[in-house]
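First comes the structure, then the notes that go with it.
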Amino acid sequence: MFENEKQMFPCPVCGQPKEIRTTKKKKPYIVCDSCAIQMFVRGRAGIEAFQRLADRAHGEDVWKRIAGLEKRYRLTCPDCGHSFWIEKDLLKTSWVDGSLEGFRCPQQSCEAVVKWE
Numbered sequence: 006m007f008e009n010e011k012q013m014f015p016c017p018v019c020g021q022p023k024e025i026r027t028t029k030k031k032k033p034y035i036v037c038d039s040c041a042i043q044m045f046v047r048g049r050a051g052i053e054a055f056q057r058l059a060d061r062a063h064g065e066d067v068w069k070r071i072a073g074l075e076k077r078y079r080l081t082c083p084d085c086g087h088s089f090w091i092e093k094d095l096l097k098t099s100w101v102d103g104s105l106e107g108f109r110c111p112q113q114s115c116e117a118v119v120k121w122e
């Protein structure tokens with residue numbers, strides 16, 4: 006299960022790989038210090054489903070896939086340096102012809118539009 010192998014699982018917030026740890030009662034959890042979250046898995050059905058996900062992540066090289074997604078769909082604002090995933094609500098289009106100009110930075114104090122290349 007989780008005890009002997011060092012398995013990794015992506016943080017549900019930032020997507021960075023985190024080590025799967027186990028509690029004293031052998032229940033899996035992950036901790037992401039940069040996002041300040043802890044994710045505990047409770048109950049037999051949840052633990053079994055989580056184990057299948059962790060095994061799949063390891064076998065299908067999910068880290069390479071996440072890195073590819075991040076390269077394509079995560080932008081960094083040149084003005085404030087904030088890093089964010091693109092979302093349809095952040096789309097900025099030209100009022101003249103409707104073409105894509107980029108994505109608005111989601112930081113409240115920043116009004117930059119980041120081009121999508």
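Going by the numbering used here, the first residue of the sequence shown is number 6, and it counts up by one from there. Yeah, the Cβ is synthetic: ideal placement off N, Cα and C, and Gly gets one too.
Endpoints, alpha helix (DSSP H) assigned at residue i
{"i": "residue 71", "result": "67 to 78"}
Span of the beta strand (DSSP E) around residue i
{"i": "residue 36", "result": "33 to 37"}
{"i": "residue 95", "result": "Run containing residue 95: none; DSSP gives neither H nor E here."}
{"i": "residue 43", "result": "42 to 45"}
Any chain D beta carbon closer than 8 Å to residue i
{"i": "residue 26", "result": "Of the chains in the structure shown, none is chain D; there is only one protein chain."}
Sub-8 Å separation of residue i and residue j beta-carbons
{"i": "residue 3", "j": "residue 36", "result": "The chain is shown only over 6 to 122; residue 3 falls outside these bounds and no answer can be derived."}
{"i": "residue 52", "j": "residue 30", "result": "no"}
Identity of the residues DSSP links to residue i by a beta bridge
{"i": "residue 108", "result": "96, 119"}
{"i": "residue 24", "result": "13"}
{"i": "residue 88", "result": "81"}
Contact between the region 75 to 89 and the region 102 to 119 is defined here as three or more beta-carbon pairs at a separation below 8 Å; is this criterion met?
Yes: the two stretches touch, three or more of their Cβ pairs being nearer than 8 Å.
If contact is defined by three or more beta carbon pairs under 8 Å, each pair taking one atom from either stretch, is the region 66 to 79 in contact with the region 97 to 107?
no
Assess contact between the region 14 to 31 and the region 40 to 50, defined as three or more Cβ pairs (one per stretch) separated by less than 8 Å. Is contact present?
Short answer: they touch.
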